[in-house]
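Enquirer:
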């Protein structure tokens, strides 16, 4: 699509003209930029007010695992209702252990719930958010399930309601995985990519290891 | 309402001295998660002053299944059935949107027949979804008859889905690189016949409501969403267009060949519940218009991408007779379809609004991260602002007019 290609060059040039610290993010579909976390809000305000990207379609974060630093990247997708193109804005969180990103709720009301979800599932905090509580999991849930170290089966925890937990004497158990899931990991050698059960192989018959 | 109050503490007395004569203590009321008008498992925690809503706090997550976590732990093909369960009222549209996102990652171009099949099934899904939305909205505001009509029509659509996919509800029809099977013989004619008989019935159903005094009283000027709010809260679909914004990706960024078909994008004038009802009514007619055009000029050719080797499973007879195809099939099943590293974001104009998939790939058959943008999630985020100042009974109208589904909100 040639129109989108010119828009790609345009938006990057425009943003870089104002914020020299931004870099081009490799992308095969939409224009994409990497911004320093401190400048993310200013860049998005510029995109919203002067480039017409006034519609926040999506906000999320990526966990690159604990071995990588920076570990968390927050990604916004903004849409222009006049040029019909998206722009992808990505910013790395500086602190791997305690990731945070300035809130964009001041720019987009829609960011409110998206940031709550991001905090809930990924554990990225958004200082300045008016109401940063969990949204999909319950208040008091101790984990952030979309982090890579969180096992697919889940981790046994207490029930949300202490009264019911005391009355019934049960808690939440991890899902029985029956040996699965059998997932191939990306690699070059056949022996590496061969699908194998991840080490979540506890089941009804086999107790879950304590360290999982 | 003039009740005598005995005040026990100072703060209550302060309230009594305020200019409003009947100010009283607020009441907290929990609506849902199992309430007929919350259409699933939405719960809203209200703070009420009499019948007036002073605060509304939606509590969501009752249907959270961790779809994004699950997606990271299985191959791209294995995730197709999970997309059925996002907006489970329109699974055909979800499958196709997901498949398109992965195809975009793989850089696959689809033959015209696949595009036509996806347009056709997505528009049928839109009609089916809007029929349910309309019927449920009718029940919410006390019009039972509409539901009976719309469910009869939806039943006919489900029979067509069953003939096409083998399933009525969770269809899992699209595949990455094509669809699961070609159209059965004579099916297009049946779709055409359905459209012809459907339009007069639709007019009849809409006539039951459009000038109905009770319905107008319940919906006109109730739950008005301004254009500015609709954009700020990233509303999409009929909820956005009801506020007068003609944003429709089928027109703005055509995919699957939508640019070949003539259709209009209906928009509302005020953004109240009635406008959203009108927009959905007209969208059904426009969908039928698209379906008729697709049926008329249905392209011949492949129903899967011929160059999608190592992505789309080869035909069964080839698997059983040829070594190459057997190996390909084995690799697709065990390792998943091989994708390049990169990231892709695709949004489709689904019945409920913009359904987006953001996929981050490190190569191989399993996504590293998949974010699903469910339109109902954003559509519901406006509730704390929209409900305040309305009566509790108006909230029922508002919820009905927003036509959300919790499957894609909670994911």
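Chains as they are written, first to last, in my numbering: chain A, 1 to 212; chain B, 1001 to 1411. All C-beta atoms in this analysis are idealised placements derived from N, C-alpha and C, irrespective of residue type, glycine included.
In three-state DSSP terms, what is residue 1288 of chain B?
Expert: Residue numbering aside, residue 1288 of chain B sits at position 288 when the second chain is read from its first letter. It is helical.
Enquirer: At which residues does the beta strand (DSSP E) containing residue 122 of chain A begin and terminate?
Expert: Sequence index remark: in the first chain, residue 122 of chain A carries index 122 (1-based). Unbroken run through residue 122 of chain A is the alpha helix (DSSP H), 111 to 122; no beta strand (DSSP E).
Enquirer: Candidates B/1270, B/1323, B/1393: which alpha carbon is nearest residue 1221 of chain B's?
Expert: For this step, residue 1221 of chain B is matched to residue 221 along the second chain. Minimum Cα distance to residue 1221 of chain B is reached at B/1270.
Enquirer: Rounded C-beta distance between residue 1305 of chain B and residue 1110 of chain B? I'm assuming under 8 Å.
Expert: Locating residue 1305 of chain B in the second chain gives position 305, where the first residue counts as 1. Locating residue 1110 of chain B in the second chain gives position 110, where the first residue counts as 1. With 8 Å as the limit, residue 1305 of chain B and residue 1110 of chain B qualify as a contact, their Cβ atoms being about 6 Å apart.
Enquirer: From the DSSP output, in three-state form, read off residue 1045 of chain B for me.
Expert: Position 45 of the second chain holds residue 1045 of chain B. Strand at residue 1045 of chain B.
Enquirer: Taking only beta carbons into account, state which residues of the region 107 to 122 of chain A come closer than 7 Å to chain B, listed in chain order.
Expert: Correct list: 108, 109, 110, 112, 113.
Enquirer: Check each residue of the region 1356 to 1374 of chain B: if its Cβ is closer than 7 Å to any Cβ of chain A, include it; give the result in chain order.
Expert: Answer in chain order: 1356, 1358, 1360, 1362, 1363, 1364, 1365, 1366, 1369, 1371, 1373.
Enquirer: Taking Cβ-Cβ distances below 9 Å as the criterion, which residues of the region 1273 to 1290 of chain B are in contact with chain A?
Expert: So nothing in the stretch comes that close.
Enquirer: Of the residues B/1107, B/1162, B/1035, B/1249, which one's Cα is nearest the Cα of residue 1356 of chain B?
Expert: Taking the first residue of the second chain as 1, we reach residue 1356 of chain B at position 356. When each option's Cα is compared against that of residue 1356 of chain B, the closest is B/1249.
Enquirer: Report, in whole angstroms, the separation of the C-beta atoms of residue 1170 of chain B and residue 1085 of chain B, which I expect to be a contact under 8 Å.
Expert: Locating residue 1170 of chain B in the second chain gives position 170, counting from the first residue. Locating residue 1085 of chain B in the second chain gives position 85, counting from the first residue. With a Cβ gap of about 7 Å, residue 1170 of chain B and residue 1085 of chain B count as contacting.
Enquirer: Hey, could you find the ends of the beta strand (DSSP E) residue 1030 of chain B is sitting in?
Expert: To locate residue 1030 of chain B, count along the second chain from 1; it is residue 30. Per DSSP, residue 1030 of chain B belongs to the beta strand (DSSP E) from 1027 to 1031.
Enquirer: Residue 1247 of chain B versus chain A: which residues are under 7 Å apart at the beta carbon?
Expert: Taking the second chain and counting its residues from 1, the one referred to as residue 1247 of chain B is at position 247. Residues of chain A passing the Cβ test: 81.
Enquirer: Under a CB-based cut-off of 8 Å, is residue 1377 of chain B close to chain A?
Expert: Here residue 1377 of chain B corresponds to residue number 377 of the second chain, with the count starting at 1. Yes, contact with chain A.
Enquirer: Any beta carbon of chain A sitting closer than 8 Å to that of residue 1056 of chain B?
Expert: Here residue 1056 of chain B corresponds to residue number 56 of the second chain, with the count starting at 1. So no, residue 1056 of chain B is outside the interface.
Enquirer: With 16 other CB atoms within 10 Å as the buried threshold, where does residue 1144 of chain B fall?
Expert: Within the second chain, numbered from 1, the residue matching residue 1144 of chain B stands at position 144. So residue 1144 of chain B counts as exposed.
Enquirer: Which word fits residue 1328 of chain B, buried or exposed, when buried means at least 16 other C-beta atoms lie within 10 angstroms of its C-beta?
Expert: Looking up residue 1328 of chain B in the second chain gives position 328. That one is buried.
Enquirer: Check whether chain B comes within 8 Å of residue 27 of chain A, counting only Cβ atoms and requiring the distance to be less than that.
Expert: Within the first chain, the letter at position 27 stands for residue 27 of chain A. So, interface residue.
Enquirer: Just verifying my parser: in three-state terms, what is the DSSP assignment at residue 1015 of chain B?
Expert: As a working mapping, residue 1015 of chain B is identified with position 15 in the second chain. In this prediction, residue 1015 of chain B has a pLDDT of 48, which is less than 50 and means its spatial position is unreliable; what the coordinates show is noted afterwards. Helix.
Enquirer: Determine the chain B residues that contact residue 145 of chain A at a beta-carbon separation under 7 Å, and present them in chain order.
Expert: Taking the first chain and counting its residues from 1, the one referred to as residue 145 of chain A is at position 145. In chain order: 1066, 1069.
Enquirer: So with Cβ pairs under 8 Å, would you call residue 1232 of chain B a contact of chain A?
Expert: Position 232 of the second chain, counted from the first residue, corresponds to residue 1232 of chain B. Closer than 8 Å: yes.
Enquirer: Please report whether the beta-carbon of residue 1345 of chain B lies at a distance below 8 Å from any beta-carbon of chain A.
Expert: Numbered from 1 along the second chain, position 345 holds the residue referred to as residue 1345 of chain B. At least one chain A Cβ lies under 8 Å of residue 1345 of chain B.
Enquirer: Assuming residue 25 of chain A and residue 88 of chain A form a contact by the criterion Cβ under 8 Å, report the distance between their Cβ atoms to the nearest whole angstrom.
Expert: Position 25 of the first chain holds residue 25 of chain A. Position 88 of the first chain holds residue 88 of chain A. Yes, residue 25 of chain A and residue 88 of chain A are in contact; Cβ-Cβ is about 7 Å, under 8 Å.
Enquirer: Identify whether residue 38 of chain A lies in helix, strand or coil by the three-state DSSP scheme.
Expert: Indexing the first chain from 1 puts residue 38 of chain A at position 38. If DSSP states are grouped into helix, strand and coil, residue 38 of chain A belongs with the helices.
Enquirer: Whole angstroms are fine: how far does the CA of residue 1237 of chain B sit from the CA of residue 1403 of chain B?
Expert: If you number the second chain from 1, residue 1403 of chain B lands on position 403. If you number the second chain from 1, residue 1237 of chain B lands on position 237. Cα-Cα distance, rounded: 10 Å.
Enquirer: Skipping 5 residues on each side, what residues in its chain have a beta carbon closer than 7 Å to that of residue 1101 of chain B?
Expert: Position 101 of the second chain, counted from the first residue, corresponds to residue 1101 of chain B. Only 1344, 1346, 1357, 1359 meet the Cβ criterion.
Enquirer: In the DSSP output, which residue or residues are listed as bridge partners for residue 1349 of chain B?
Expert: Here residue 1349 of chain B refers to the residue found at position 349 when the second chain is read from its first residue. Paired residue(s): B/1354.
Enquirer: Quick test of the definition: if touching needs 3 or more C-beta pairs under 8 Å, does the region 1073 to 1093 of chain B touch the region 1157 to 1177 of chain B?
Expert: Short answer: they touch.
Enquirer: DSSP state of residue 53 of chain A, grouped into three classes?
Expert: What you label residue 53 of chain A is simply residue 53 of the first chain in a count that begins at 1. Here residue 53 of chain A sits in coil by DSSP.
Enquirer: Which residue's Cα is closest to the Cα of residue 1231 of chain B: B/1223, B/1244, B/1294?
Expert: Here residue 1231 of chain B refers to the residue found at position 231 when the second chain is read from its first residue. For residue 1231 of chain B, the nearest C-alpha among the options comes from B/1244.
Enquirer: Would you report the Cα separation of residue 1147 of chain B and residue 1289 of chain B, rounded to the nearest angstrom?
Expert: Within the second chain, residue 1147 of chain B is the residue found at index 147, counting from 1. Within the second chain, residue 1289 of chain B is the residue found at index 289, counting from 1. The straight-line gap from Cα to Cα measures roughly 23 Å.
Enquirer: Here's the rule I'm using: 16 or more other beta-carbon atoms within 10 Å means buried, otherwise exposed. How should residue 1349 of chain B be labelled?
Expert: Indexing the second chain from 1 puts residue 1349 of chain B at position 349. Residue 1349 of chain B is buried by the Cβ-count criterion.
Enquirer: DSSP state of residue 79 of chain A, grouped into three classes?
Expert: Against the first chain, residue 79 of chain A aligns to sequence position 79. The answer is strand: DSSP assigns residue 79 of chain A an E or B state.
Enquirer: Identify the continuous beta strand (DSSP E) that holds residue 89 of chain A and give its terminal residues.
Expert: If you number the first chain from 1, residue 89 of chain A lands on position 89. Where residue 89 of chain A is concerned, the enclosing beta strand (DSSP E) stretches over 85 to 92.
Enquirer: Give the secondary structure of residue 1304 of chain B by DSSP, where H, G and I count as helix, E and B as strand, and everything else as coil.
Expert: By 1-based counting over the second chain, the position of residue 1304 of chain B is 304. Strand, per DSSP.
Enquirer: If you follow the beta strand (DSSP E) that residue 1370 of chain B is part of, which residue opens it and which one closes it?
Expert: Working through the second chain from its first residue, we reach residue 1370 of chain B at position 370. Residue 1370 of chain B -> beta strand (DSSP E) spans 1369 to 1373.
Enquirer: DSSP beta-bridge partners for residue 72 of chain A?
Expert: Taking the first residue of the first chain as 1, we reach residue 72 of chain A at position 72. Answer is A/63, bridged to residue 72 of chain A.
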